[in-house]
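Notes follow the structure.
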Amino acid sequence: MYVIEGRALTKHYGPTQALRGIDVLVAPGEIVGFLGPNGAGKTTAISVLLGLRKPSGGTIRLFGRPPNDPQARSRIGVMLQESGVPESLRVEEAVRLFQSYYPFTLPTDELLRRADLAAQRRSLIANLSGGQKQRLYFALALAGDPDLLFLDEPTVGMDVEARLRFWEQMREFAARGKTILFSTHYLEEADALADRIIVINQGRVVAEGTPHEIKQRVPNAIVRLRTDLPAEQARAMPGVQHAVADKGHLVVSTSEPETFLRALFRAEWQVADLSVQRADLETAFRALTREEPHE
Amino acid sequence: MNEIAERNAAPPPFDRQLNPTALRSGQLGPMLLRQAHSEFIKLWRIPMFSVPTLLFPILLFLLFGVPNATETLPGGGVAGPYMMASFGAYGLLGIAFFSFGIGVANERAQGWMKLVRATPMPAWVYFAGKLVTALAFSALLLIFLFLFAAVVAGVRMPLGTWALLGATLVTGMLPLTTAGFALGYWAPPNSAAAIANLVYLPTAYASGFLMPVALLPPFVQALAPYLPPYHYGQLAWRAVGVDDGQAALHIAWLFGTALLFGALAVWGYRRDNGRQFG
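The listed protein sequences correspond, in order, to chains A and B.
My numbering puts the first residue of the first sequence at 1465, with every later residue one more than the last.
My numbering puts the first residue of the second sequence at 5, with every later residue one more than the last.
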């Protein structure tokens, strides 16, 4: 039994393939993170799973029902990117409005407290900071006391402290047996929150597993050097995900740069012009995809 | 035995996992009230909308109605009540255009509707909220205008005539709101206000809301019968005793308007849904 059951989902906008057949199965009580660079298809996947966009192919069930079924919707909370709340409403008014939509709700005070907005309850939404708006969306997402939360890049615009507090709220929410699907382009965030990470790139699932498994597979460092070590041989070395020759350099993507370097020196390959760069996900994915000419 | 242990261990996966503090909510009545309330204060707090909407008809009446309130019109009838009907129609036409047109166009551009769509709120509640808001603004406007006319200009009519005028103005506005909706769904969000303004003033003028049709330039007079608001105006003037004897024609025009612009609005709504949610 899955709370979210999306199978073989495809979506194209005209000629653009946003989703190329992904399966998303989420069990009750799970926290699942979509991880991928910008434009990977995370937002499209969430919109399609929510029934806000029609998939070009595939099937979706939320709580065993079609995603736009009011019964399914009344158990779901949603945070989307760039939602834009009517600016002339006050914080409390927007929260009360959303409370009225759902068959069950939480006390207004509790929602405002959970979203850390108790002090801003009388503020006009126009006067909120970016982070405060993001927290208001969180309060709106909790308005129906949902069993399932969809959060699309929920901590964008939050400072570090707010982000930590938000994660804390998420864990508390999940501890009550509830389910969360969120997207992020920070490996760190997926690692901190998720039980399971689904790595998406170019509309496909490229990896799936526990944060520990994913961290081992997603390269977090790029090693560049001039060497006589051939790329094919480099690929077979410990901790190496990918290796390509690039303008006289060897470029190695690795999750364990130290292990690779140790092996490199031990085998006494020539090493010159060496640099090790921490890779953000964007770079890591580019490294992953550059190597696949069949595309 | 095993079954009991299983049941105690974890509730079936699709059961509601309510918080201990959860409350019942979501009844249609309170939802509709909340929706209407939000829509109303959203407009009320935009001074660019609420001030001119509620003030202009009174201002017009002060400038043109008060000095001539007791004069008799060339076609019969008294100027005071006639102008009250004209400026009331002018105000309500504005509400029909602006409250729907600009509201819908703006919200269409924001991601807000996406968020609302993900809730269990039925779509009709959204439209009902807007309609109730337009009716509330209309009622406010007419109450202010009527009070002003009665107290300051000394307009006197039988109680039934006041009621008939108010009812005619409000009912006649309803078919015109479809034009506002259509505008909201077809105009680009940033230019909805400009288009509404561009259409509103000339239409109100050519329909005889700012000065009687008989005093308009001949080509405007010739154009007027093809404008839906003109027929709305005729019904309003009829309520205060200036009857051109063609009420059925005017009502038919308003029905036609509702059908035509209603279809345009539904078409635009579907097109927008396909674009945003397809």
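The beta-carbon is built from N, C-alpha and C at its ideal position, and this holds for glycine as well.
Open item on the list: For a test of the three-state rule: what should DSSP assign to A:R1668, helix, strand or coil?
Closed with: Sequence index remark: in the first sequence, residue 1668 of chain A carries index 204 (1-based). It is a strand residue.
TODO: Enumerate in chain order the residues of its own chain whose CB-to-CB distance from B:Y86 is below 7 Å, with the five nearest sequence positions on each side excluded.
DONE: Sequence index remark: in the second sequence, residue 86 of chain B carries index 82 (1-based). Answer for B:Y86: L77, W241, V244, V246, listed in chain order.
- [ ] Helix, strand or coil for A:K1475, going by three-state DSSP, please let me know.
- [x] Taking the first sequence and counting its residues from 1, the one referred to as residue 1475 of chain A is at position 11. Strand.
TODO: Determine, using beta carbons only, whether A:Q1596 comes closer than 8 Å to chain B.
DONE: If you number the first sequence from 1, residue 1596 of chain A lands on position 132. It does not: the Cβ of A:Q1596 has no partner Cβ on chain B nearer than 8 Å.
Open item on the list: Against A:V1542, what residues of chain B qualify as contacts under a CB-to-CB distance less than 9 Å, listed in chain order?
Closed with: Position 78 of the first sequence, counted from the start, is the residue given in the question as residue 1542 of chain A. For A:V1542, the residues of chain B that pass the 9 Å Cβ criterion are K118, L119, A122, T123, in the order they occur in the chain.
TODO: Please list, in chain order, all residues of the same chain as B:P179 whose beta carbon is under 6 Å from its beta carbon, the five residues on each side excluded.
DONE: For the purposes of this step, residue 179 of chain B is identified with residue 175 of the second sequence, where counting begins at 1. Answer for B:P179: L258, T261, A262, listed in chain order.
Task: beta strand (DSSP E) segment containing A:H1649, residue limits - done: In the first sequence, residue 1649 of chain A corresponds to position 185, counting from 1. Per DSSP, A:H1649 belongs to no beta strand (DSSP E) and is neither H nor E.
- [ ] Over the uninterrupted alpha helix (DSSP H) stretch that includes A:F1724, give me the two end residues.
- [x] Translated into positions along the first sequence, residue 1724 of chain A becomes position 260. Run containing A:F1724: 1721-1730, per the alpha helix (DSSP H) assignment.
Task: Stretch pair the segment 136-145 of chain B + the segment 1567-1583 of chain A: three plus CB contacts closer than 8 Å - done: no
TODO: Take the Cβ of B:W166 as the centre, count every other Cβ of all protein chains shown within 10 Å, and call the residue buried at 16 or more, exposed below.
DONE: As a working mapping, residue 166 of chain B is identified with position 162 in the second sequence. Classification of B:W166: buried, given that the 10 Å Cβ count is 16 or more.
TODO: In the DSSP assignment, find the alpha helix (DSSP H) that holds A:S1520 and state where it starts and stops.
DONE: On the first sequence, position 56 is the one that residue 1520 of chain A refers to. Looking at the DSSP string, A:S1520 is not in any alpha helix (DSSP H), and its letter there is neither H nor E.
- [ ] For B:L22, count neighbouring C-beta atoms within 10 Å of its own C-beta (all shown protein chains included) and say buried if the count is 16 or more, exposed if not.
- [x] Translated into positions along the second sequence, residue 22 of chain B becomes position 18. Exposed, since its Cβ has fewer than 16 Cβ neighbours within 10 Å.
Task: beta strand (DSSP E) segment containing B:L268, residue limits - done: The residue labelled residue 268 of chain B in the question sits at position 264 within the second sequence. Counting along the chain, B:L268 falls outside any beta strand (DSSP E), though it belongs to the alpha helix (DSSP H) covering 251-281.
Task: For A:F1602 and A:P1618, believed in contact at Cβ under 8 Å, the rounded distance - done: Here the question's residue 1618 of chain A lines up with position 154 in the first sequence. Here the question's residue 1602 of chain A lines up with position 138 in the first sequence. Sure, about 7 Å apart at Cβ, within 8 Å.
TODO: Give me the Cα-Cα distance between B:L231 and A:P1550, rounded to the nearest whole angstrom.
DONE: If you number the second sequence from 1, residue 231 of chain B lands on position 227. If you number the first sequence from 1, residue 1550 of chain A lands on position 86. Looking at the two C-alpha atoms, the distance is approximately 34 Å.
TODO: Identify each residue in the segment 1560-1587 of chain A for which the Cβ-Cβ distance to at least one residue of chain B is less than 8 Å, and report them in chain order.
DONE: R1560, L1561, F1562, Q1563, S1564, Y1565, Y1566, P1567, F1568, T1569, L1570, P1571, E1574
Task: Interface residues of chain B facing A:L1553 [CB-CB closer than 9 Å] - done: Walking along the first sequence from the start, residue 1553 of chain A turns up at place 89. Within 9 Å Cβ-Cβ: S42, I45, K46, R49.
TODO: Identify the contact partners of A:L1518 in chain B, using a Cβ-Cβ distance below 8 Å as the criterion.
DONE: Taking the first residue of the first sequence as 1, we reach residue 1518 of chain A at position 54. Reading off the sequence, residue 1518 of chain A comes out as Lys, not Leu. Simply F281, G282.
Open item on the list: Please list the terminal residues of the continuous beta strand (DSSP E) segment that includes A:S1717.
Closed with: On the first sequence, position 253 is the one that residue 1717 of chain A refers to. Counting along the chain, the beta strand (DSSP E) containing A:S1717 begins and ends at 1713-1718.
- [ ] Would you grab the beta carbon distance between A:I1589 and A:V1555 for me? Rounded to a whole angstrom, and I think it's under 8 Å.
- [x] Along the first sequence, one-based indexing puts residue 1589 of chain A at 125. Along the first sequence, one-based indexing puts residue 1555 of chain A at 91. Contact holds; Cβ gap of about 6 Å.
- [ ] Please classify B:F223: is it buried, with 16 or more other beta-carbons within 10 angstroms of its beta-carbon, or exposed?
- [x] Counting from 1 along the second sequence, the entry for residue 223 of chain B is found at position 219. Looking at its Cβ environment, which holds fewer than 16 other Cβ atoms inside 10 Å, B:F223 is exposed.
TODO: Just the chain B side, please: which residues come within less than 7 Å of A:L1592 by C-beta, in chain order?
DONE: Reading the first sequence from its first residue, position 128 is the one you call residue 1592 of chain A. In chain order: nothing, as chain B lies at least about 14 Å away.
- [ ] Anything in chain B within Cβ reach of A:L1514, meaning under 7 Å, just list it in chain order.
- [x] Position 50 of the first sequence, counting from 1, holds the residue named residue 1514 of chain A. Those are A122, listed as they occur along chain B.
Open item on the list: Looking at A:L1516: is its Cβ nearer than 8 Å to the Cβ of B:R121?
Closed with: In the first sequence, the residue the question calls residue 1516 of chain A occupies position 52. In the second sequence, the residue the question calls residue 121 of chain B occupies position 117. It is a contact, given that the beta carbons lie within the stated cut-off.
- [ ] Output the distance between the C-alpha atoms of B:T182 and B:N277, rounded to the nearest integer angstrom.
- [x] One-based indexing of the second sequence puts residue 182 of chain B at position 178. One-based indexing of the second sequence puts residue 277 of chain B at position 273. Cα to Cα, the separation comes out at about 18 Å.
Task: Range covered by the beta strand (DSSP E) that runs through A:S1739 - done: Locating residue 1739 of chain A in the first sequence gives position 275, counting from the first residue. Its beta strand (DSSP E) spans residues 1736-1742.
Open item on the list: Does A:L1570 come out as helix, strand or coil in the three-state DSSP assignment?
Closed with: As a first step, residue 1570 of chain A must be located in the first sequence, where it is residue number 106. Residue state, collapsed to three classes: coil.
Task: Backbone CA spacing between A:A1504 and B:A109 [nearest angstrom] - done: Here residue 1504 of chain A refers to the residue found at position 40 of the first sequence. Here residue 109 of chain B refers to the residue found at position 105 of the second sequence. Roughly 30 Å separates the two Cα atoms.
Task: Which residues DSSP lists as bridging A:G1541, in chain order - done: In the first sequence, counting from the first residue as 1, residue 1541 of chain A sits at position 77. BP columns for A:G1541 point to A:L1613.
Task: Distance, A:L1483 Cα to B:R112 Cα - done: Here residue 112 of chain B refers to the residue found at position 108 when the second sequence is read from its first residue. Here residue 1483 of chain A refers to the residue found at position 19 when the first sequence is read from its first residue. The alpha-carbon atoms of B:R112 and A:L1483 are separated by roughly 25 Å.
- [ ] Using a Cβ-Cβ cut-off of 8 Å, state whether B:N23 counts as contacting chain A.
- [x] Counted from its first residue, the second sequence places residue 23 of chain B at position 19. Chain A contact via Cβ: present.
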